[in-house]
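In the working numbering, the protein residues as written are -16 to 284. Notes to accompany the following structure.
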């Protein structure tokens, strides 16, 4: 088992201070991935440094380093590369976490590319609270191109888990991988109907990946999608949105509704993912990990 912790998680586990609060510990089970997602640093054909996932550095740690993790965080999120034996390592790690003192008092999420219904059952019956089954690419054409199997199969896994384990399936969606806004809107509505929370990401080009030269989405477009997701998931009614002939948002009306938290990181409870899509040097962020940063003008570029 190769176990890593995101840089800030590693600092907290080491007893050091970090610039902001981070209630979720981010761990990664690492190895040679069997898949070749074209945007991922861990793709089978990627030449990226595997100590990175998106923009974040992940430090190698041991199980012993987790001895006080339940006292320092409210949630543990385990990102899992799909190497040979990944499922067994997930089950072993979760068992280790739950066996510690007060281990049953912390929330545990796992994010991995499950291959079938049986894996969903095994993971969600192992002591995991929520399972992330990533869509990532909502365009049917690009989903198969970038992730190697059909979007319909990914959705069948999510729908199985959502119907059997109400409220315990989440998904990731990346903006900027060939989709238009109408496709995102339709997927948000479908996930809302299934009770599946959406963690929203902006595509981040990383050196060594097949899509390293693809541009990220503009801040302006991403803000519109953040508003759209927020209005769909935080309100009972479908927002009033109009698309242009290419499927991009033309108008989005929210009739005075409070949208002040629309630009925060979305996902599981307590998830902040600080600087996952962003450089700390930037004053304007795709995803704001703390409400105090929302005092900035989020539409500034």
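Positions of the beta carbon are idealized from the N, C-alpha and C atoms, including for glycine.
Ranked by how close their Cα comes to the Cα of residue 65, the residues 16, 194 and 123 have 16 in first place. Relative to residue 151, the option among 171, 116, 26 and 31 whose CA is nearest is 116. By the CB criterion at 9 angstroms, residue 168 and residue 224 fall inside the cutoff.
Using a 10 angstroms sphere on the CB of residue 9, the tally of other CB atoms reaches 16 or more, which defines it as buried. If you look at residue 236, you'll find it isn't in any alpha helix (DSSP H); it sits in the beta strand (DSSP E) that goes 232 to 236.
Around residue 172, the same chain offers 215 and 221 as residues with beta carbons nearer than 8 angstroms, after the five sequence neighbours per side are excluded. Here the C-alpha atom of residue -16 lies approximately 20 angstroms from the C-alpha atom of residue 107.
Taking every protein chain shown into account, the CB of residue 133 has fewer than 16 other CB atoms within 10 angstroms, so this residue is exposed. Between residue -13 and the set 18, 248, 27 and 47, the nearest pair of CA atoms involves 47. Under the three-state reduction of DSSP, residue 142 is assigned to helix. Per DSSP, reduced to three states, the secondary structure at residue 11 is strand. Here residue 40 carries a strand assignment [DSSP, helix/strand/coil].
Along the length of the segment 147 to 196, whole alpha helix (DSSP H) runs at least 4 residues long occupy 164 to 177, reported in chain order. Taken atom to atom, the span from the alpha-carbon of residue 143 to that of residue 253 is near 25 angstroms.
Here residue 178 has 145, 149 and 150 as same chain residues with Cβ atoms under 7 angstroms from its own Cβ, once five neighbours each way along the sequence are excluded. In the three-state scheme derived from DSSP, where H, G and I count as helix and E and B as strand, residue 104 is classed as helix.
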